[in-house]
Each structure stands twice: as C-alpha cells, then as structure tokens.
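> Below is a structure I'd like to ask you about.
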Amino acid sequence: MSSKEYSNSQAAKGLVERNIPVVEYGEQIQWRYGDPVVLLRVEWAVPDELLSLASEILSNPGFPCVPVSTGATAWYGAWDRACIIHDLGGECPVYLYALPFVGLELQDTSKVTSTFNRTLEILTPKPNRYMVSLLCHLLNHPLGDSFRYRVTDDLMSFICFYILRQKPLDTKHGGCEDDESEEDYQNRVGEALKETKTRDWGPCGMDYLSTSETVLRDCRSVDQLTRC
Numbered sequence: 712m713s714s715k716e717y718s719n720s721q722a723a724k725g726l727v728e729r730n731i732p733v734v735e736y737g738e739q740i741q742w743r744y745g746d747p748v749v750l751l752r753v754e755w756a757v758p759d760e761l762l763s764l765a766s767e768i769l770s771n772p773g774f775p776c777v778p779v780s781t782g783a784t785a786w787y788g789a790w791d792r793a794c795i796i797h798d799l800g801g802e803c804p805v806y807l808y809a810l811p812f813v814g815l816e817l818q819d820t821s822k823v824t825s826t827f828n829r830t831l832e833i834l835t836p837k838p839n840r841y842m843v844s845l846l847c848h849l850l851n852h853p854l855g856d857s858f859r860y861r862v863t864d865d866l867m868s869f870i871c872f873y874i875l876r877q878k879p880l881d882t883k884h885g886g887c888e889d890d891e892s893e894e895d896y897q898n899r900v901g902e903a904l905k906e907t908k909t910r911d912w913g914p915c916g917m918d919y920l921s922t923s924e925t926v927l928r929d930c931r932s933v934d935q936l937t938r939c
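Sequential numbering of the sequence shown, starting at 712, is according to the working numbering.
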C-alpha cells in the first residue's frame, strides 16, 4: 500500500469508526463503474449535520484543514468553495461535502467496500439516483457556469461506463477500432434504456426519465441542458 493509499485508508477508517456515514463521490464512482480514471481527487459527502464533526475527526490524527487551491478552483469552481479540504500529509487531500450539496440523501445510497480499505464499508450513490442528481445540477445551473464542468464529466463517465458498458481503451495494443454504426449504437442505447427504466429512480426520479433518454440518444445535448 502506498503512503497515499494508507492516508486515504486511515482517513476513511477514522470517520467510519465514529459512525459517520461516508458517501464516495467523483473519481471513486467513476473508478467503481469501470472508468480507468486515476484517483487524484478524493471526495466524500457526509450528512449536513455531521460535516463539522467529520472535519474535526480528520483534524485530530493530523489531517489539518487547508485553503482552496487557486489552480483547482478554475475547474471545480463552486465545488471547492463549498467543501472542507483536509491535507493528508502532503498527498492528495480529501474534499468533504455536505450530502445535500451534491444532491443526494442517505436513502439514495447503498453499502460498498471502500476503494481505499477493503475492510471498511462505506456508501455509494445508487446508479439512477446518482444520474438524477447530476441532471439536476445541470438543469439548475446556466450554460457557461463553471459548476457544470465537472458535472458534465461525471455524467459522461457514468453514461459510457455504467449505462452503455463501454470498455476502456486498450492502449497496450494500440487503442481500439470504433466501427460501430449509428444504427448499432442507437440499438445499444435502446437496450440500455429498457434496463434503466426497471431500476429504482426514487420518488421524483421518473420525472427525469425523458431527459435521461434525450441525453443517452445524443450525448451532445448535455452541453445545452439547463432550465436557467
């Protein structure tokens, strides 16, 4: 285990042992669904009323709060300004969000094994609830708002690797040959939509089913998705 993995593991363990519900977010979700992303940014969400306590717990073993990085803010914008950041000994910091900020509730999650510690159980968003939360973020922010940048990336990763079961690029053997016709792609989307409709969308999630279908049929529509 690298020093980075050890620090992440200790941070997660400290929260779980104090009965803080930890919900993984961002790159951890992408990685879980098969996206070969490099885990450079560790993001967790906790219930709003436990955010201060979670930050205090991380501070006690020597993971102090640190200010927002000006370089990262250009991309993550309001996301960095809304979280509490803890330094893990010079390695990749942990970004703590209040669960409502990411558009989720505890009932929208399920138990999984932690990415950083196989002996720990944490939480991950249920797939359809996660997709609804991302769509809501886009619909509630105007085009050009920096808040949308990472949301778009998260949504496209989710669509490609979870819904459409896309295989990672085979860089070892010179990439891949994309010979799928538009008709074949739309057929694959149709099958994915049938499967998606059978999943748990939550009490209000079905309202977003048509929006989900539009995005799946043409991913370029994500860039124009807003109510603002």
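The beta-carbon is built from N, C-alpha and C at its ideal position, and this holds for glycine as well. All figures in this text were calculated on a predicted structure; none of them were measured in a lab.
1) Are there 16 or more other CB atoms within 10 angstroms of the CB of W786, so buried, or fewer, so exposed?
2) What residue range does the alpha helix (DSSP H) around I768 cover?
3) Buried or exposed: where does Q739 fall if 16 or more other Cβ atoms within 10 Å of its Cβ makes it buried?
4) Assess contact between the segment 772-780 and the segment 906-913, defined as three or more Cβ pairs (one per stretch) separated by less than 8 Å. Is contact present?
5) Report the rounded CA-to-CA distance for D759 versus L751, giving the unit in angstroms.
6) How many Å lie between L920 and L849 at the Cα?
7) For L761, collect the residues of the same chain with a Cβ closer than 6 Å to its Cβ; drop the 5 residues on either side in sequence, then sort them by chain order.
8) What is the residue span of the alpha helix (DSSP H) that I740 lies within?
9) Which residues bound the beta strand (DSSP E) around W755?
10) To the nearest angstrom, report how far apart M867 and R859 are at their CA atoms.
11) Pull up the DSSP beta-bridge partners for L834, would you.
12) Compute the Euclidean distance between the alpha carbons of N851 and T937, then round it to the nearest angstrom.
13) Closest to M917 by CA distance: which of S844, N719, Y873, A793 is it?
14) Where DSSP assigns a beta bridge to A940, which residues make up the other side?
15) Assign G737 to one of two classes, buried (16 or more other C-beta atoms within 10 Å of its C-beta) or exposed (fewer than that).
16) When the Cα atoms are used, what is the spatial distance from V753 to G855?
17) Report yes if the C-beta distance between V757 and V727 is below 8 Å; otherwise report no.
18) Express the C-alpha separation of W742 and E888 in angstroms, rounding to a whole number.
19) Does the count of Cβ pairs from the segment 792-807 and the segment 816-831 closer than 8 Å reach three?
20) How many angstroms separate the CA atom of I870 from the CA atom of A809?
21) Indicate whether L769 and V813 have their beta-carbon atoms separated by less than 8 Å.
22) Decide if T824 is buried, meaning its Cβ has at least 16 other Cβ atoms within 10 Å, or exposed.
23) List the DSSP bridge partners of P847.
This is what the structure holds:
1) It counts as exposed.
2) Here the alpha helix (DSSP H) through I768 covers 762-770.
3) With 16 or more other Cβ atoms within 10 Å, it is buried.
4) A contact between stretches requires three or more CB pairs, one per stretch, nearer than 8 Å, and the segment 772-780 fails this requirement with the segment 906-913.
5) Computed Cα separation, rounded: 25 Å.
6) Taking the straight line joining both Cα atoms gives about 15 Å.
7) Cβ within range, chain order: I731.
8) Where I740 is concerned, the enclosing alpha helix (DSSP H) stretches over 738-743.
9) First-last of the beta strand (DSSP E) with W755: 753-757.
10) Distance between the alpha carbons of M867 and R859: 12 Å.
11) Beta-bridge pairing links L834 to V734, K822.
12) So the alpha carbons of these two residues sit roughly 6 Å apart.
13) Per the Cα distances, S844.
14) The requested residue 940 is not part of the displayed model; the chain covers only 712 to 939.
15) The residue is buried, with at least 16 neighbouring Cβ atoms inside 10 Å.
16) Straight-line Cα distance between these residues: approximately 25 Å.
17) No; because the gap between Cβ atoms is not below 8 Å, this pair is not in contact.
18) At E888, the pLDDT of 49 sits below 50, so the modelled position is not reliable and the matter cannot be decided from this model.
19) With the cut-off at 8 Å, the segment 792-807 and the segment 816-831 do not touch.
20) Each residue's Cα considered, the two are about 25 Å apart.
21) Judged by beta-carbon spacing, V813 lies beyond the 8 Å limit of L769, meaning their Cβ atoms are not closer than that value.
22) Looking at its Cβ environment, which holds fewer than 16 other Cβ atoms inside 10 Å, T824 is exposed.
23) Looking at the sequence shown, residue 847 is not Pro but Cys. In the DSSP output, where bridge partners are listed per residue, C847 has none listed.
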